[in-house]
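To start, the structure itself, in structure tokens.
Protein chains: 2
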Amino acid sequence: LPEEKLLEERMLRIIRTSFERFGFAPIETPAVERKEVLAAKGVVEKEIYALSRLAAEEGDDGSTDFALHFDLTVPAARYVAQHFGKLTFPFRRYQIQKVWRGERPQAGRFREFYQCDIDIVGNGSLDLLNDAEIPCVIHAVFREMDIGRFVIRMNNRKILTGLMENLGIERPADAMRAVDALEKVGAEKVLSSLEKDAGTTPAQAQALVEFLQKGHDLATLTTHDGGEMYRRGVAELEEVVRGLRAFGLPEDAFAVDPSIARGLDYYTGTVYETKLVDHPEVGSICSGGRYDDLASNYTKQTLPGVGISIGLTRLLSRLLDAKIVAPGSKTPARALVTVMTRDRLADYLAIAGELREAGIATELYTEPKKLGAQLKYADQKGFELAVIAGEDELGRGEVQLKNLKTGEQRNVAKADLVSAIEAG
Amino acid sequence: LPEEKLLEERMLRIIRTSFERFGFAPIETPAVERKEVLAAKGVVEKEIYALSRLAAEEGDDGSTDFALHFDLTVPAARYVAQHFGKLTFPFRRYQIQKVWRGERPQAGRFREFYQCDIDIVGNGSLDLLNDAEIPCVIHAVFREMDIGRFVIRMNNRKILTGLMENLGIERPADAMRAVDALEKVGAEKVLSSLEKDAGTTPAQAQALVEFLQKGHDLATLTTHDGGEMYRRGVAELEEVVRGLRAFGLPEDAFAVDPSIARGLDYYTGTVYETKLVDHPEVGSICSGGRYDDLASNYTKQTLPGVGISIGLTRLLSRLLDAKIVAPGSKTPARALVTVMTRDRLADYLAIAGELREAGIATELYTEPKKLGAQLKYADQKGFELAVIAGEDELGRGEVQLKNLKTGEQRNVAKADLVSAIEAG
Chain A
4 LPEEKLLEER
14 MLRIIRTSFE
24 RFGFAPIETP
34 AVERKEVLAA
44 KGVVEKEIYA
54 LSRLAAEEGD
64 DGSTDFALHF
74 DLTVPAARYV
84 AQHFGKLTFP
94 FRRYQIQKVW
104 RGERPQAGRF
114 REFYQCDIDI
124 VGNGSLDLLN
134 DAEIPCVIHA
144 VFREMDIGRF
154 VIRMNNRKIL
164 TGLMENLGIE
174 RPADAMRAVD
184 ALEKVGAEKV
194 LSSLEKDAGT
204 TPAQAQALVE
214 FLQKGHDLAT
224 LTTHDGGEMY
234 RRGVAELEEV
244 VRGLRAFGLP
254 EDAFAVDPSI
264 ARGLDYYTGT
274 VYETKLVDHP
284 EVGSICSGGR
294 YDDLASNYTK
304 QTLPGVGISI
314 GLTRLLSRLL
324 DAKIVAPGSK
334 TPARALVTVM
344 TRDRLADYLA
354 IAGELREAGI
364 ATELYTEPKK
374 LGAQLKYADQ
384 KGFELAVIAG
394 EDELGRGEVQ
404 LKNLKTGEQR
414 NVAKADLVSA
424 IEAG
Chain B
4 LPEEKLLEER
14 MLRIIRTSFE
24 RFGFAPIETP
34 AVERKEVLAA
44 KGVVEKEIYA
54 LSRLAAEEGD
64 DGSTDFALHF
74 DLTVPAARYV
84 AQHFGKLTFP
94 FRRYQIQKVW
104 RGERPQAGRF
114 REFYQCDIDI
124 VGNGSLDLLN
134 DAEIPCVIHA
144 VFREMDIGRF
154 VIRMNNRKIL
164 TGLMENLGIE
174 RPADAMRAVD
184 ALEKVGAEKV
194 LSSLEKDAGT
204 TPAQAQALVE
214 FLQKGHDLAT
224 LTTHDGGEMY
234 RRGVAELEEV
244 VRGLRAFGLP
254 EDAFAVDPSI
264 ARGLDYYTGT
274 VYETKLVDHP
284 EVGSICSGGR
294 YDDLASNYTK
304 QTLPGVGISI
314 GLTRLLSRLL
324 DAKIVAPGSK
334 TPARALVTVM
344 TRDRLADYLA
354 IAGELREAGI
364 ATELYTEPKK
374 LGAQLKYADQ
384 KGFELAVIAG
394 EDELGRGEVQ
404 LKNLKTGEQR
414 NVAKADLVSA
424 IEAG
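These protein sequence lines are chains A and B, in that order.
Throughout, our numbering is defined as the position within the first sequence, counted from one, plus 3.
Throughout, our numbering is defined as the position within the second sequence, counted from one, plus 3.
Quick look at the structure:
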């Protein structure tokens, strides 16, 4: 509905503007990619929608080589590999597009939804300062969205990988997925999942979960002896946190949390997750991380990167459910110019035209109805202002300006209408 | 590429802002609709992409009930019918979305493209004033896009239908399609197509084409005796043109042209087509019209409407080909803050932060490279400004502000940087 879409448009505008303010350039990739590009990453294929022409013809079953993208990371990897020679590195791109997943729609899951991604991709190498910049962009977005307090929680995958290595855990990727659920399902279930799904011994599982439950900050992380890989992870995380402070990110806007794992295999360093402080039930509203090599499926160039993604459709739906945001007006226009006498149409149109020229979105009522019906329409749609003028007022060069929120009504010289509205 | 997408974003912003300035509210319908909704209109089914899950499972061939929409009119009709009770009429909506057509891509044809539609839909009736407003919205869009002179050409379908009735032509819909090609293929081909594809006699075809080639304006149209339907068409067209003048649309921005037919069957009154005066080879850049009943497939309510559509992807591609517009910078940011000494990172970040707070999109260079490499990067990406500061300048509370377009460089107090940039 328009009131919901207007809210979504406002959010999209904030996201776009914030991304651009940090120098991220927009790209757009086709929603329709070759199947071989999409299937390359070992994703769940039944979640991918393939395309065929609706009507088959003789000698043509209608099938095509194409499918709909299910995220923006795979198309971005294909894009960077394909346009490598034309891009300037570090390549900073944002991408705001719909993606599709062939799952049965259910609460909080959508067949079709907006993703809003930023990534910084280096050619050969990429400084850790980029890992510090990403949360600052996200902070700017959510602060402007005005959705209450939020914390960007961070970890470095090498810390977990190092711990697991040190404990002799043999299937770290599986263990990572088990650990990722810690906050959601609790220690007991993670312990059993580590043994069952990741093949650890009870002692390994116990040691890992105990460490993660201790609630470490950077200082206590540095005192633990977790081996070489662990030490590198802690050092990277320290550098990123120094960067965050240099960026001026408020201390209460981020937190180090060694239990953040992220399910996806391709993260190799920093990982992020973002939660609403007063609405933990909403879950992570934005997540991402650092990967060593974005496009290894498509090119021999080594392209390390760091990025983050906002699942806007899901976020907005949860914000609405939790009543953190609410849809407002059904119209993007502030003012409705009513029409009392058709003979004076040119006057009404001139008034509407002047307001628009001044940047005040304005609708002119177009149907031959009585003033009462026009004002009812204005109320239903949620206009802030109505401009009303009969033969008499127009003859005197005046109009009535009615504030539909307060009911206040006053006569204003036609020539002063714009400034009267701008003055409030 | 980013420079092309930035141009497209600028156009999308102009379109969105103009639509909203006239009080059109955004809606968005899913790209994925039920096949039965899309197939209801008798379109070319092989142009519709149907969806199936990429990997089939046992007992499930992966097929679905869904397909991708091929225009925004059919989904809008479904939407208005479905949400009838929740909408306020006249319902003014805009819709900017991608659509898909399963044709083989070729010059000027795309598999996937943006359409930007506005429609005003009435409940039961809709005043002709709306037919006059639509071209004014389009005029505002193209004027701001700054794409040179353009003319919105208009006709009323009843004029052509009346003429055909009067001449005894029995298949007016087919004749309409033949006439629609007049400007493109010339009189001779239209004459033969009228006889061959629309079953007219040579005399009927001759009379129709002769009339259309005479180049009528409103005055000469009123003098012709074309029967009842024709007279109603001329009267409607006169009323719409009076409306255009009341709206203040410049006389050279529109033209009456009785040969405008539009291929689509569902138009029943006003029809529009828009051409670039200095680039007729680009073809129509925006077209639409009035229909008596938008959603007869989906509801018993009578919902007359008038609308127009900009095929942005095609338009932009043609504007680029004709060099009417050109891609500019590869970055949305104006300024690059370079980093000469990492020890002063907090200073550089504070500068970037201040510029961003002031609404100046700013990128901070993140890699540990020499100043020369950073300035080369700035040139390649097309930044307008570079901020340069070493230990010495920062110690004095100064920075160098370099204009990368002119090469001009000057020292500015850190505290005055924003105002120096804003002053130009």
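Even glycine gets a Cβ: it sits at the ideal position worked out from N, Cα and C.
Within chain A, the residues that residue i reaches when beta carbons sit closer than 8 Å
| i | result |
| --- | --- |
| Asp130/B | Thr369, Glu370, Pro371 |
| Glu136/B | Leu367, Thr369 |
| His72/B | Those do not exist, as His72/B stays about 11 Å from chain A at its closest Cβ, beyond 8 Å. |
| Gly127/B | Within chain A, no residue comes near Gly127/B; the closest Cβ sits about 10 Å away, beyond 8 Å. |
Residue i, DSSP secondary structure in three states
| i | result |
| --- | --- |
| Arg337/B | coil |
| Gly236/A | helix |
| Ala392/A | coil |
| Lys101/B | strand |
| Glu173/A | coil |
| Gly151/A | coil |
| Phe386/B | coil |
| Pro29/B | strand |
| Lys1/B | As shown, chain B starts at 4 and ends at 427. That puts residue 1/B outside it, with no answer to give. |
| Ala353/B | helix |
Buried or exposed by the 16-neighbour rule on C-beta atoms within 10 Å, applied to residue i
| i | result |
| --- | --- |
| Ala206/A | exposed |
| Leu319/B | buried |
| Thr203/B | buried |
| Val280/B | exposed |
| Ser196/B | buried |
| Asp64/A | exposed |
| Asp122/B | buried |
| Asn158/B | buried |
| Leu54/A | buried |
| His86/B | exposed |
9 Å Cβ cut-off: residues of chain A touching residue i
| i | result |
| --- | --- |
| Ser262/B | Here the premise fails: no neighbours, minimum Cβ distance about 28 Å. |
| Arg114/B | Pro33, Val35, Phe69 |
Proximal residues of chain B, C-beta to C-beta of residue i below 7 Å
| i | result |
| --- | --- |
| Ile30/A | Pro5, Lys8 |
| Tyr294/A | Chain B residues near Tyr294/A: none, gap ~17 Å exceeds 7 Å. |
| Gln383/A | Thr91 |
Residues that residue i contacts on chain A, provided the C-beta gap is smaller than 7 Å
| i | result |
| --- | --- |
| Phe250/B | Leu352 |
| Phe257/B | Ordered by position in chain A, no residue passes the 7 Å Cβ test against Phe257/B, which lies about 15 Å from the chain. |
Identity of the residues DSSP links to residue i by a beta bridge
| i | result |
| --- | --- |
| Ala135/B | Partner(s): none; Ala135/B has no beta bridge. |
| Met157/B | Val259/B, Tyr275/B |
| Phe94/B | Val124/B |
| Glu366/A | Leu339/A |
| Glu36/B | Ala70/B |
| Tyr294/B | Gly308/B |
| Val77/B | Answer is none; Val77/B lacks a bridge partner. |
| Phe87/B | Note: Phe87/B sits in no beta bridge, so no partner. |
| Cys119/A | Ile99/A, Ile313/A |
| Arg245/B | Per DSSP, none; premise fails for Arg245/B. |
| Arg413/A | Leu404/A |
Selected residue, minimal CA-CA separation from residue i, among the options
| i | options | result |
| --- | --- | --- |
| Ala79/A | Glu36/A, Asp64/A, Lys161/A, Asp68/A | Glu36/A |
| Ala364/A | Arg399/B, Ala361/B, Phe25/B | Phe25/B |
| Lys199/B | Glu213/B, Leu185/B, Glu186/B, Ala181/B | Ala181/B |
| Gly189/A | Pro175/A, Ala176/A, Asp177/A, Gln209/A | Gln209/A |
| Asp74/A | Val154/A, Ile313/A, Glu360/A | Ile313/A |
| Pro371/A | Leu129/B, Leu166/B, Lys278/B, Asn300/B | Leu129/B |
| Gly88/A | Leu197/A, Met343/A, Gln304/A | Gln304/A |
| Phe153/A | Ile162/A, Gly127/A, Ala143/A | Ala143/A |
| Ala325/B | Glu401/B, Tyr301/B, His282/B | His282/B |
| Arg96/B | Leu90/B, Glu239/B, Ala28/B, Leu131/B | Ala28/B |
| Gly218/A | Val259/A, Ser299/A, Asp134/A | Val259/A |
Residues that residue i contacts on chain B, provided the C-beta gap is smaller than 9 Å
| i | result |
| --- | --- |
| Lys38/A | Leu57 |
| Ile51/A | Arg56, Leu57, Ala58 |
| Asn133/A | Thr369, Glu370 |
Amino acids of chain B, ordered along the chain, whose beta-carbon sits closer than 8 Å to that of residue i
| i | result |
| --- | --- |
| His86/A | Leu4 |
| Phe145/A | Result: empty, since nearest Cβ-Cβ is about 15 Å, beyond 8 Å. |
| Gly356/A | Phe250, Gly251 |
| Gly171/A | Going along chain B, no residue has its Cβ under 8 Å from Gly171/A, so there is no contact; the nearest lies around 36 Å. |
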